[in-house]
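See below for the structure under consideration.
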Amino acid sequence: MIDAKKIVEAFLEYLQQRDLNRIVNLFAENVKWQIPGNENRIAWLGKRNSRAEVEAFFKLLWSATVPLSASIHKILMTGSDVIIKGDFATKMLKTGKIVTSIFFIHFVVKEEKIVEYTLLEDSFAVAQAMEVG
């Protein structure tokens, strides 16, 4: 059995490569996904429940942003739970503004698939960076 850390490390690799098919295939068909924030202002925030919705998330996010940098500071693992702490800088294509934030991602991996994904970031800063003007 592949451990949760290996699945999460694959996730980070595919995320960096923007490899949509491989990243989406890491998720279970039914997933508990949440990125809190103002969903009315930022379309990729919110809850998702299926692999198809996860795929739509990445397509939407990647069509609207360009990653500038990302650093992983810590990966903590207990059984099927993995928590990543890091930071990122991203350019918003709509405005040209750059947002920086720390982030925490919590994954739950079961049967070699991600079944739960929660991302906490400065969604207020993301929303501000998407404002024109």
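Residues in the sequence shown are numbered from 1 upward in steps of one, following the UniProt record's numbering. Ideal Cβ positions, reconstructed from N, Cα and C, are used throughout, including at glycine. Because the structure is a prediction, the values reported are computed rather than measured.
Cutoff 7 angstroms; reference residue i; Cβ partners in own chain excluding five residues on either side
i	result
Leu-68	Ala-89, Thr-90, Lys-91, Ile-98
Leu-60	Ala-43, Trp-44
Cβ shell of residue i (< 6 angstroms), same chain only, five flanking positions each side left out
i	result
Leu-76	Ile-83
His-106	Ile-83, Thr-118
His-73	Lys-85, Gly-86
Integer-rounded CB distance, given that residue j should sit under 8 angstroms from residue i
i	j	result
Val-115	Val-24	14 angstroms between Cβ atoms; not a contact.
Arg-22	Trp-33	Their Cβ separation, rounded to whole angstroms, is 17 angstroms, which puts Arg-22 and Trp-33 out of contact at 8 angstroms.
Of the listed residues the options, nearest to residue i (C-alpha basis)
i	options	result
Trp-62	Val-132, Tyr-14, Tyr-117, Glu-111	Tyr-14
Gly-133	Phe-58, Phe-124, Gly-96, Asn-38	Gly-96
Gln-16	Ser-50, Ala-28, Arg-41, Val-66	Val-66
Arg-51	Met-130, Lys-113, Arg-41	Lys-113
Below-8 angstroms beta-carbon distance, residue i vs any chain C residue
i	result
Gly-86	In the structure shown, chain C does not exist; there is a single protein chain.
Which of helix, strand or coil DSSP assigns to residue i
i	result
Glu-39	coil
Arg-18	coil
Trp-44	coil
Ser-31	What sits at residue 31 in the sequence shown is Val, not Ser. In this structure, Val-31 counts as strand in the three-state DSSP scheme.
Val-132	coil
Glu-111	coil
Own chain partners of residue i with C-beta closer than 8 angstroms, once the 5 adjacent residues on each side are dropped
i	result
Glu-55	Leu-20, Val-24
Ile-102	Lys-85, Gly-86, Asp-87, Glu-121, Asp-122
Point to revise | Any beta strand (DSSP E) of 3 or more consecutive residues that is wholly inside the segment 81-109 | key: 81-92
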